[in-house]
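Okay, structure first, notes after.
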Amino acid sequence: MRFQDQVAVITGGAKGIGRAVALAFIREGARVALVDIDKAGLAALREEIEKLGGQVLAVCCDISNSSEVREMMNLVQKTFGRIDILVNNAGIIRRGTIETVTEEDWDRVIAINLKGTFNCCRAVIEPMKRRGGGKIVNVSSIAAKTGDITSAPGYGSSKAGVDALMKTLARQLAPYGIRVNAVAPHAIETEMSAQWPEEKRREIIASIPLGRLGRPEDVAEAVLFLASKSASFITGEILDVNGGMLMD
Ligand SMILES: NC(=O)c1ccc[n+]([C@@H]2O[C@H](COP(=O)([O-])OP(=O)(O)OC[C@H]3O[C@@H](n4cnc5c(N)ncnc54)[C@H](O)[C@@H]3O)[C@@H](O)[C@H]2O)c1
1 MRFQDQVAVI TGGAKGIGRA VALAFIREGA RVALVDIDKA GLAALREEIE KLGGQVLAVC
61 CDISNSSEVR EMMNLVQKTF GRIDILVNNA GIIRRGTIET VTEEDWDRVI AINLKGTFNC
121 CRAVIEPMKR RGGGKIVNVS SIAAKTGDIT SAPGYGSSKA GVDALMKTLA RQLAPYGIRV
181 NAVAPHAIET EMSAQWPEEK RREIIASIPL GRLGRPEDVA EAVLFLASKS ASFITGEILD
241 VNGGMLMD
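Mapped onto this note's numbering, the consecutive letters of the sequence shown carry residue numbers 1 to 248.
Listed below in structure tokens is the structure:
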């Protein structure tokens, strides 16, 4: 068990990629804090994990709100006594172009994807420093590197911001033994990708050398690798999980 007794906080943990990450950590012996705004999703996954015999805390928290995030991290520490791993996975997407996107949509995407990641990172620094180290893994996107024609401009912009934040924190926190990395998924089958128009779905599969969409478990494996001892000399890295679509 790679993460026996460690505590992992997973934002957006109620479904999709976050759910797969949570289940993968549980299988590897970790205790998991699920953080989400989807109360029903949180309750369902908490029950599923408890049935597996896993230790889980489910917290309803909007990561764009810094005081909610501070309270949530305090609760995790009170419950489990430590925080070893933070997976910044919660994110939203909006469709549109520079001409059609509303200012409200731009603000919401930046507030959750970028500021939410900042809020969560800031709130775990102290507990991680106290333990002499920690691991932060951000779930970015291929859109940060390539842009995207169908998602509204805020999405790729927020994820590029998440990547720059990750590299800055990797430098600033290395002296404290805190490693900060990212995965950049593309075309993973979740509710988010279910919003793709059918034509876009076909085009995407045709453009992926491995010839299929990704599974949430594919991303979870990459996240666990970056959080594990096997990656102990890796920080500031973006690991692509895209079936070979972008090789950079
Ligand atoms: N699915 C893909 O193909 C794909 C590709 C690249 C990147 N990503 C990224 O992976 C991450 C997870 O995506 P997914 O496809 O699993 O999406 P999803 O919509 O299935 O899950 C996202 C989760 O985040 C939660 N969430 C949204 N706003 C929140 C907030 N303010 N506070 C707390 N939780 C909040 C949602 O309730 C949901 O449970 C996102 O950051 C997304 O940008 C996904």
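Virtual Cβ for every residue (Gly too), placed ideally from N, Cα, C.
Assuming the contact rule is C-beta atoms closer than 8 angstroms, residue i and residue j should be a hit. Round their C-beta distance to whole Å, please.
{"i": "C60", "j": "K39", "result": "5 angstroms"}
{"i": "A58", "j": "L42", "result": "4 angstroms"}
{"i": "A184", "j": "S193", "result": "Contact doesn't hold; Cβ gap of about 15 angstroms is too wide."}
{"i": "G147", "j": "G156", "result": "5 angstroms"}
{"i": "L239", "j": "I142", "result": "About 12 angstroms; that fails the 8 angstroms criterion."}
Sorry if obvious, but does the Cβ on residue i come closer than 7 angstroms to a heavy atom of ligand 1?
{"i": "S193", "result": "yes"}
{"i": "I37", "result": "yes"}
{"i": "K51", "result": "no"}
{"i": "G147", "result": "no"}
{"i": "N119", "result": "no"}
{"i": "D62", "result": "yes"}
{"i": "S232", "result": "no"}
{"i": "S151", "result": "no"}
{"i": "P185", "result": "yes"}
{"i": "G18", "result": "yes"}
{"i": "I112", "result": "yes"}
{"i": "G41", "result": "yes"}
I'd like the list of long-range same chain contacts for residue i, defined as Cβ closer than 8 angstroms, with 5 residues on each side in sequence excluded.
{"i": "G236", "result": "M166, K167, A170, R171, V180 and N181"}
{"i": "T190", "result": "K15, G16, I17 and P216"}
Which same chain residues end up closer than 7 angstroms to residue i when comparing Cβ atoms and leaving out the 5 residues on each side of it in sequence?
{"i": "A118", "result": "A small fix is needed here, since residue 118 is Phe in this sequence, not Ala. Answer for F118: L165, listed in chain order."}
{"i": "C120", "result": "T11, I63, V69, L86 and N88"}
{"i": "E48", "result": "none"}
{"i": "K115", "result": "S64"}
In its own chain, which residues sit with a C-beta less than 6 angstroms from the C-beta of residue i, not counting the 5 before and 5 after it?
{"i": "R122", "result": "none"}
{"i": "W106", "result": "G154"}
{"i": "V21", "result": "I10, V87, A220 and V223"}
{"i": "M1", "result": "E28 and G29"}
{"i": "N113", "result": "G91 and S158"}
I need the straight-line Cα distance from residue i to residue j, nearest angstrom please.
{"i": "A33", "j": "D84", "result": "11 angstroms"}
{"i": "A227", "j": "S151", "result": "29 angstroms"}
{"i": "L23", "j": "A111", "result": "27 angstroms"}
{"i": "S207", "j": "F80", "result": "44 angstroms"}
{"i": "E104", "j": "I136", "result": "29 angstroms"}
{"i": "F3", "j": "S230", "result": "12 angstroms"}
{"i": "V241", "j": "N138", "result": "13 angstroms"}
{"i": "R94", "j": "R212", "result": "24 angstroms"}
{"i": "Q195", "j": "V101", "result": "17 angstroms"}
{"i": "S232", "j": "F225", "result": "10 angstroms"}
{"i": "R31", "j": "R82", "result": "10 angstroms"}
{"i": "I178", "j": "M128", "result": "7 angstroms"}
{"i": "K51", "j": "G161", "result": "38 angstroms"}
(message) Extract the residue ranges of the alpha helix (DSSP H) inside the segment 94-124, only unbroken runs of 4 or more that lie entirely within it.
(response) The alpha helix (DSSP H) runs of length 4 or more contained entirely in the segment 94-124 are, from start to end of the chain, 103-109.
(message) I'd like the ranges of any alpha helix (DSSP H) spanning at least 4 consecutive residues and lying wholly in the segment 117-190.
(response) Taking only runs of at least 4 residues, the alpha helix (DSSP H) segments lying wholly in the segment 117-190 are 143-146 and 153-173.
(message) My parser needs the beta strand (DSSP E) runs of 3 or more residues fully inside the segment 18-88; what are they?
(response) The segment 18-88 contains these whole beta strand (DSSP E) runs: 31-36, 56-60 and 85-88.
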